[in-house]
Amino acid sequence: MTSTTLRSLASDLRTSTTEAHSDAENAGFMGALVGGTLPVAALADYTAQLQRVYTALEKAVRTVAARDSRLTSLADPRLERHAAIAADMTAMAGVNWRSELPEGAATRAYVAHLEELAAAGDAARLVAHHYVRYLGDMSGGQIIARKMHQAYGLGAEATTFYDFSAVGKIKPYRDGYRERLDRLDLDDREYRAAVKEASLAFALNHAVFAELGERHLVHSARA
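Okay, so the sequence shown: first residue is 1 according to full-length UniProt numbering, each after it adds one.
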């Protein structure tokens with residue numbers, strides 16, 4: 001299936017999303033959140049949205065990996081975040097967080113898209129979402145966790161989402177992950193679809209940030 005053309009999926013995913021990555025990092029909501037200028041309620045809302053996204057992503061990956069062995073090299077249970085985020089939410093906002101912090105429209109759209117990929121058995125495009133979420137969280141998550149501790153006074157029990165110690169040292173794991181990406185047996189159509197999908201993954205994340213900004217930045221400015 002693989003093209004004879006020399007290529008690196010890890011490299012192409014990275015370079016194709018450089019601009020989108022910058023846009024997401026510079027989103028007004030995320031800047032304010034990491035800067036500690038928003039209330040804990042905004043952090044709880046953000047984390048609650050992520051929990052829905054990770055639940056959908058991890059369910060989709062498990063579903064497709066069960067019938068497409070190409071995904072099994074990436075579908076590492078140690079990476080899964082949905083249970084850790086749910087525990088963080090309980091520590092941060094109490095046991096009723098699901099009803100008190102429902103998913104927003106942008107989150108529903110993100111989840112629906114992941115569910116569509118799962119229903120279609122689209123391993124190639126799911127790979128893009130897997131890459132965007134996990135490598136991003138492993139790369140920047142430790143810095144974010146420290147800032148959350150400092151800005152919001154959260155204990156470790158409320159930031160287990162950012163704890164990837166189960167995979168060992170982060171850099172060797174990331175390097176191995178990229179190597180596994182490059183070994184994936186994708187045909188040319190699948191390869192192009194995966195690279196294109198990575199930008200969409202960032203756009204879906206950006207939409208969630210924008211919606212959170214509408215809820216919390218305006219409220220914060222008026223307070």
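Glycine included, every Cβ here is placed at the ideal spot set by N, Cα and C.
This one's a predicted model, so the numbers in the text were calculated from it and none came from an experiment.
Extent of the continuous alpha helix (DSSP H) to which residue i belongs
i      : result
LEU43  : 40-65
GLU80  : Premise fails: GLU80 is in no alpha helix (DSSP H) and is neither H nor E.
ALA166 : Neither: ALA166 is in no alpha helix (DSSP H) and is coded neither H nor E.
VAL127 : 123-130
SER11  : 9-16
TYR152 : 136-152
LEU33  : 28-34
VAL95  : Neither: VAL95 is in no alpha helix (DSSP H) and is coded neither H nor E.
LEU184 : Element bounds for LEU184: n/a, residue is neither H nor E.
THR159 : That residue, THR159, is in no alpha helix (DSSP H); it is neither H nor E in DSSP.
Cβ-based burial, residue i [other Cβ within 10 Å; buried from 16]
i      : result
GLU179 : exposed
GLN150 : exposed
ALA48  : buried
VAL195 : buried
THR18  : exposed
Residue i and residue j closer than 8 angstroms at C-beta
i      : j      : result
ALA145 : TYR162 : yes
MET138 : ILE170 : yes
VAL61  : ALA75  : yes
HIS130 : GLU197 : no
ARG183 : ASP45  : no
ALA124 : ALA193 : yes
LEU50  : ALA42  : no
ALA87  : THR160 : yes
Same chain, Cβ closer than 6 angstroms to residue i, neighbours up to 5 away in sequence not counted
i      : result
VAL132 : ALA198, ALA201
ALA93  : ALA44
SER3   : Because the pLDDT of SER3 is 46, which lies under 50, any placement of that residue in the model is unreliable, and the number read from its coordinates should be weighed accordingly. ASP188, listed in sequence order.
Same chain only: Cβ atoms within 7 angstroms of residue i, ignoring 5 sequence neighbours per side
i      : result
GLY136 : none
GLY28  : GLY213, LEU217
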